[in-house]
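As structure tokens, the structure follows; a few thoughts come after it.
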Amino acid sequence: MNHKLELRNVTKTFKTEEGELTALENINLAIKPSEFLCIIGPSGCGKSTLLRLIAGLDDPSSGEILLDGKELRGPSQDRGMVFQEYSLFPWRNVLKNVTFGLEIQGIDKQEQYKIAEEYIELVGLKGFEKRYPYELSGGMKQRVAIARALATEPAILLMDEPFGSVDAQTRNILQEELLEIWKRTKKTILFVTHSVDEAVYLADRVAVVSSRPGCLVKCAKIDIPRPRKRTSVEVNEFRGKLLMWLSLERTKACIQR
Ligand SMILES: Nc1ncnc2c1ncn2[C@@H]1O[C@H](COP(=O)(O)OP(=O)(O)OP(=O)(O)O)[C@@H](O)[C@H]1O
Ligand SMILES: [Mg+2]
């Protein structure tokens, strides 16, 4: 089986004033091409740390991360990231935010605009190209961040609680839009969330991380056909299981391989 991404015994420790802090412990995880994986766990369990390691923004203390079978080294445009907090450049308008990665790639200006327009349309922001981030709602900002991450055509999209700061209704709409984008682009998506509802609505598979130090307590397939109905019996049943896994004692439950 060819994996798009594989984490083998990944551990991450940080040096702090109080001593060494283990943020992630012995994480083993394999992700298939075009899979939609949600990573869920309590605050501080190491979800952002895990995405940063996969993005290549930081290195594991031990263990390895393989991308298409090769050990991953540093950041690269084959992995696009959407951050937890709004991370647009405030001095750039929507179009210029989206062209950012393309500029770095040295792509011709006309081509940059053409590509950016495509992705701006994909996230439903056609007509807003000249707007600046301060003129946009939270949901619109995250749409721009998604367009910016997609514009360089990464094979993997890493999303760190991208919809955590928007209202419940906008969040539902953004989730539906993301599923559409995923269907059209066939990206491999790793999506971090706190929300049980969000994970059950979106994911092919969900990885449950325990409280600090984060370890994997469960990785389960969500076998519910799409489009999923948020209030269906199957969705509710899975939500119950997920809540149970989240409450498991880490010492007893960690998957050790
Ligand atoms: N650069 C760093 N130096 C020291 N400690 C860090 C660093 N980055 C993260 N940590 C610690 O590692 C742990 C995991 O942090 P992380 O941000 O990954 O959690 P999280 O699961 O994303 O939390 P949240 O859901 O609140 O975003 C925390 O205890 C945090 O304080
Ligand atoms: Mg985080």
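When the letters of the sequence shown are read in order and numbered with this note's numbering, they come out as residues -3 to 253. Beta carbons are placed, not taken as given, at the ideal position from N, Cα and C, and that holds for glycine.
If you measure from the CB of Ser133, is any heavy atom of ligand 1 nearer than 7 angstroms? no
Looking only at C-alpha atoms, which of Ile100, Asp156, Asn24 sits nearest to Tyr82?
Asp156
- Within the same chain, show all residues whose beta-carbon is closer than 6 angstroms to that of Lys217, passing over the 5 residues directly before and after it, in chain order. Arg201
Anything with a beta carbon under 7 angstroms from a heavy atom of ligand 2 counts; list them all in chain order.
-> Lys43, Ser44, Gln80, Asp156, Glu157, Val188
Within a Cβ cutoff of 7 angstroms, which residues of the same chain sit near Leu17, ignoring the five residues on either side of it in sequence?
Thr9, Phe10
- Query: Does the beta-carbon distance from Val196 to Val204 come in below 8 angstroms?
  - Reply: no
| said: Please classify Tyr115 as buried or exposed, where buried requires at least 16 other C-beta atoms within 10 Å of its C-beta. | reply: buried
| Should Phe159 go down as buried or exposed, given a rule of 16 or more other Cβ atoms within 10 Å for buried? | buried
Euclidean distance between Cα positions of Leu154 and Gly52:
11 angstroms
- Query: Between Thr184 and chain C, is there a C-beta pair that is closer than 8 angstroms?
  - Reply: Reference to chain C is not applicable here, since this structure consists of a single protein chain.
Worksheet item: Taking buried to mean at least 16 other C-beta atoms within 10 Å of its own C-beta, is Ser206 buried or exposed?
Response: buried
For this session: Kindly list the residues whose CB is nearer than 8 angstroms to the CB of Ala199, restricted to its own chain and excluding five residues on each side of it in sequence; keep chain order.
Result: Phe32, Leu33, Cys34, Phe187, Ile218
Under DSSP, the beta strand (DSSP E) around Ile142 begins and ends at which residues? Segment 134 to 147 is the alpha helix (DSSP H) holding Ile142; no beta strand (DSSP E) there.
### Message
For Leu186, list the residues DSSP reports as bridge partners.
### Response
Leu33, Leu154
| said: For Leu63 and Leu1, I'd like the C-alpha separation in whole angstroms. | reply: 5 angstroms
Nearer than 7 angstroms: is that true of the beta carbon of Leu17 relative to any heavy atom of ligand 1? yes
Check your understanding: So which of Cys211, Met240, Arg226, Gly236 has the shortest CA-CA distance to Asn5?
Key -> Cys211
Item to complete: Answer yes or no: the CB of Gly37 versus the heavy atoms of ligand 1, is any distance below 7 angstroms?
Response: yes
Practice task
Excluding the 5 residues preceding and the 5 following Ser72 in the sequence, name in chain order all residues of the same chain whose CB lies nearer than 7 angstroms to its CB.
Solution key: Gly52
Checklist entry - Taking contact to mean at least 3 C-beta pairs separated by less than 8 angstroms, is the region 84 to 95 in contact with the region 125 to 140? => result yes
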